[in-house]
Amino acid sequence: MLAQRRCVKSFAVQRVLRSRGRFSDTFGVHSNLHSSAVLSASSSPVPLSNELRERVKHAPLAPTYDPTVVEQGWQQYWQQALSPNTQLKSADTEPLNKVFSMILPPPNVTGALHIGHALTITIQDAIARWHRMRGFDVRWLPGLDHAGIATQSVVERKLHKEQGLSRYDLGREAFVDQVWQWNEQYGGRIMNQIDHLGAIVKKDQPYFTLDKQRSEAVINAFVTLYENGLVYRKRRMVNWCPTLQTAISDIEVDSEQLEKATKKMLPGRDKPVEFGVMHRFKYQIADSDEFLEVDTTRPETIFGDVAVAVHPEDSRYQQHHGKCVVHPFSKEKLPIVTDETLVNMELGTGKENSSYTLEKVFYKLTVFHFLLVGVVKVTPAHDPKDFECGQRHDLPEVEVIDKYGKLCGNIDQHFIGLDRFDARQLVVEALQEMNLYVEKLDHPTALSICSRSRDVIEPLLMPQWYVDCSEMAKRAADNVRNGVMTIEPKSHAHTWFFFLDNIQDWCVSRQLWWGHRIPAYRLKPGTTGATDATDKWYVATSLMEARQKAEAELGCKLQDNDLEQDVDVLDTWFSSGLLPLSAFGWPNASKDKAVAQDLSSSYPLDVMETGSDILFFWVARMAMLCEEFSGRVPFEKVLLHPMVRDKAGRKMSKSLGNVIDPLHVINGISLDQLLSDLQGGNVGPRELKKAEKELKKEFPKGIPTCGADALRFTLASYLQQGRQINMDVQRVVSYRHFCNKVWNAVRYALPLLETDNGSPESVDLSLLRGDMTLADRWIMSRLAAVVSEVNDGIAANQLATSVAAIQRFFVQELCDVYIEFSKPVLYGNRLEEGLDCEEERQARKRSAQATLHRCLDYSMRLLHPFTPFVTEELWQRIREVDPLNASKEEDIETSILCAEYPEQSHMSSWVDADAEQRMALVIDVIHGIRSLRHTVKVLAPNATSTSDSDRPTVRIVCSNATVHSELKDAQRDLETQCRVNVDVVIVGDGSSTLPSAHVLTHSVSNYCRVMLVVPDDAETTQRVANEISRLEKRASKSASAAEALIRRQQGPHYAIKVPQAVQAQDAQRLTQLQTEIQATEKSLDALRELQRLY
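In full-length UniProt numbering, the protein residues as written are 1 to 1094.
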């Protein structure tokens, strides 16, 4: 569809017809792969390296799964497979020119990847591989964020520690050079970590938010916004960090809730500072003996008071409207103003107001006023709400705290130069001496802390650059309301609307040296024409352009050195907010045809996947900025994953010592090294002791080597947990066992799949249907079902559903059932001797080989997006032993990444309801026989035997002719799987009972019962009673758990507040409990019947 919306000047993206169909899945892309029953790899070769070729084509498969070996070499190999030249071809050999575009949320260049990054990469890589195997040219771009404050802070600390210098000692240019050197030294380690996780990002097209291309985009964007009247400079309240010496964004402010008086250590101080208290003092009413009591959490700002405020409807103070109070230090008269916004009536009378939530306080930069007296002092220069009050009442702004957090201005000389918190105590003492201090009370306080320095934020009035977001925010909100853009899970939409419907103009300037320097220039003081113009700014893409603008306005000739550039830099979120455009070359589309083609086919992104914690701070800003410049939303789908916490549900934090390093899980690490790393961090003494205890308890032998595949599979399985993931490393260990199960299954099957005289030509498996056993038909139908379930799960962004489905199929259906059923056929068991001839036996064997091969081949492909390394390793071997020669049709080397992903259309002809119904009956009977044999072993342990010569006889009594016929056909399988002799009879043929009174019965269905003799001994009767007692306790326990779960589900807010994924998990658990109860009751019925016979 050709976009018809407006372009923004010359920087807008060229509208080019993007020929991408629409597929009804989460990602908005179209699939038209051919629907042949047999999938093949790409006809374009992807040669193996010598090391890989030797490993997968010549060396035997290792007896045990070792991820450290398996995960070597494949990352480089996949980069070859990512080339569009090796993408899948359609039936007419033409490339499927479909693009799937996505960007990796850029990690900060300062650090290492944490488990949250690993989750992001797991999800995005699964999506990317799924699309790659469905014929898409996947353009998944990786990148790094220059992380202005974080990076500058790290380098400053390093500089001070190693050389004893500050950035001011070096000067701006030399310091920035130091940061670039640090960036070049450490920036590559993150890309290495991304490689460890197996991400198939386009390493030939990385982005860095401060590189030349992104810098050009940022400058053009800022200038365009300014020229369109959306960027302006104004003196307003900002979050100032005295330690970092910069304003910071809302996301860099942590709101710490204190319930009572609490002492905290702050950077640069020797003694702790008390917070969580309210100070009450008195203002004397001018020309009166009366006083007004005032509550404040910040006595040190009293020097900046310019008024006191009361609610206009508060009857206690209506007689004082229009009067003044006397400032206790300056003796100036301050007006008493009425303000229903600043002073809340309910709070003023001591009532709690539920509308003042912490969320609103934090994100709107408001301050709690829990006023018990209903009077508040007004300090417009040092409080956001007071500033707004001052604007409403035209009050002056008196600054008394400077950017270093020290008192300043026209105040009492005893206080000038004091630290703000030292001054706090001295002000209290001075008020006490004047008999104006009343009391100190515990007070719930939302303390604003700088997330980087841990210093307390100081609200200051400063001139800053702002972006007017009102119209952009409205468009972004409307796009979600109107379905132009969707957010999943949908529960996050309310957060989107909360932020965008209450948007404030965005302060984009930062007082840093590392970052995109603001492209604004002004005349230097003393320059000709600079009179009253030093605050006149010329926003331009270059110094030359700024000089030309100044000359045109002033009417005089200027030199370049007559102008100076703003020393501030832009908020990091500004550059990252442009990434859907700038990562693909914007705004150079008009200059470079290749860039224009890349941008037109890659923008908008097919999906934006990221953590829910940055929905507003990154996703919303991309939505606003990119549509402003392109006229199109940057993505139609926003997928948000949960936050990762430790297994106790605590936020992962270096200060708590509970951060999980994904490389420790992948490569393994000893307990000693874990403890050493912990002690070398910044964990406090109290938390250190607790963290050490937890490590020793959870990892007494360290973390074993689990591999990237096990970690990825674990993270994908966790996605059903809703809003947060409680990460337990032991779960990764269990999924390493699953990878081992996959390895062993393939290792078992490979020798059995080799053929001596296979057909020289490829044969379609469907041609072997006539030779298939019931088990063959059943497993192919189950394969069709899992193919559908896995695809539907990925398409709906339910990766947990997909991994659960493929794990269930592989373990419970393929390994536990089909492989066991196929053994007699593949090994030529004596039970197969009843077949008419050798040709029939060989035909059945070939059918079983082909079926097993198909299941293993498809299983590797289905698993590949989640466990790429082990599936690539095993698939390379599986395709070498194809009994139908399908993968040998062209003797080429290629990657599983270039093999087609199994889809519903490939498997629809294999859906076999009859085979599934018949096999379900057989499996139920097997379970019944095994259950009886287990019970008999408990009741008569000395009388059981498993030798072939002394097998017990099981009688299966049927009351339905069809059931009888089906079980007769399956008699050999039942005897083989259960190691018993089987006698299948139908009611009325004279053989429906066993020649013994002591028979244990298991009811399989209304039409089928399984019967087994219980040998007698002296203690059998007591054992029967004991077993009944044990099962009754189990049934009672299961019933209690089911009842509790039902009560939870029937709760009044369950359907609304509990995430859908958790509700599904609860429903699954309830079904399991009900199945357990039903099975236990069946066993009890049989035992009670047996007990009556004794």
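Glycine included, each C-beta is placed from N, C-alpha and C at the ideal position.
These numbers were taken from a predicted model, which means no experiment stands behind them.
Of the residues Thr527, Gly276, Ala589 and Leu52, the one whose Cα lies closest to the Cα of alanine 217 is Ala589. The Cβ neighbour count for lysine 524, taken over all protein chains shown within 10 Å, is under 16; the residue is labelled exposed. By the Cβ-count criterion, aspartate 950 is exposed, with fewer than 16 other Cβ atoms from all chains shown falling within 10 Å of its own Cβ. Within 10 angstroms of the beta-carbon of leucine 1031 lie 16 or more other beta-carbons, which makes it buried.
A Cβ-Cβ contact shorter than 8 Å links alanine 1086 with histidine 1002. The continuous alpha helix (DSSP H) containing threonine 122 extends over residues 115–132. In the pairwise beta carbon analysis, the stretch 322–333 is classified as not touching the stretch 379–393: fewer than three pairs are separated by under 8 Å. Counting C-beta atoms within 10 angstroms of its own C-beta, cysteine 958 has 16 or more neighbours from the protein chains shown and is therefore classed as buried. Collapsing the DSSP output to three states places tryptophan 496 in a helix. If the five residues before and after isoleucine 1028 are omitted, its C-beta is found closer than 6 Å to the C-beta atoms of Leu1087, all from its own chain and listed in chain order. A straight-line Cα-Cα distance of about 15 Å links proline 865 and serine 788. One alpha carbon belongs to methionine 462, the other to serine 49, and they sit about 60 Å apart.
Straight-line measurement puts the Cα of leucine 852 at about 49 Å from the Cα of phenylalanine 616.
If you keep only unbroken beta strand (DSSP E) runs of at least 3 residues inside the stretch 50–87, you get nothing at all.
For the set Tyr901, Glu893, Leu856 and Ser905, the Cα lying nearest the Cα of aspartate 882 is the one of Leu856. Lysine 689 carries a helical assignment under DSSP once its states are collapsed to helix, strand and coil.
Taking tryptophan 618 as reference, the option from Leu104, Arg269 and Val985 with the minimal CA-CA separation is Leu104. Ala620 is the residue among Ala620, Ala596 and Trp465 whose C-alpha sits nearest the C-alpha of alanine 493. Counting along the chain, no alpha helix (DSSP H) covers glycine 276, and no H or E run does either. In terms of Cβ geometry, tyrosine 521 and leucine 563 form a close pair [threshold 8 Å]. C-alpha of methionine 860 to C-alpha of glutamate 162: approximately 52 Å in a straight line. The C-beta distance from lysine 377 to histidine 279 rounds to 11 Å, too long to meet the 8 Å contact threshold. In the DSSP annotation of this structure, the continuous segment of the beta strand (DSSP E) that includes glycine 611 starts and ends at 608–611. Collapsing the DSSP output to three states places serine 1005 in a strand. Three or more Cβ pairs closer than 8 Å define a contact, and the stretch 770–788 meets that threshold against the stretch 904–914. In the structure shown, threonine 962 adopts helical secondary structure according to DSSP, grouped into three states.
Contact between the stretch 651–668 and the stretch 180–198 is present: three or more C-beta pairs spanning the two stretches fall below 8 Å. By the neighbour-count definition (other C-beta atoms within 10 Å, threshold 16), lysine 98 is a buried residue.
By the neighbour-count criterion, in which 16 or more other beta carbons inside 10 Å mark a residue as buried, glutamine 178 falls on the buried side. According to the DSSP secondary-structure assignment, isoleucine 401 is paired through a beta bridge with Leu407. In the displayed model, serine 215 falls within a helix according to three-state DSSP. Residue state for isoleucine 103 is assigned as strand, using DSSP reduced to three classes.
In this model, alanine 583 and glycine 483 are separated by some 26 Å (Cα to Cα). Judged by DSSP in its simplified three-state form, cysteine 556 adopts coil rather than helix or strand.
DSSP places isoleucine 487 in the uninterrupted beta strand (DSSP E) bounded by 486–488. Residue burial is scored here from C-beta neighbours: glycine 276 has at least 16 other C-beta atoms within 10 angstroms and is therefore classed as buried.
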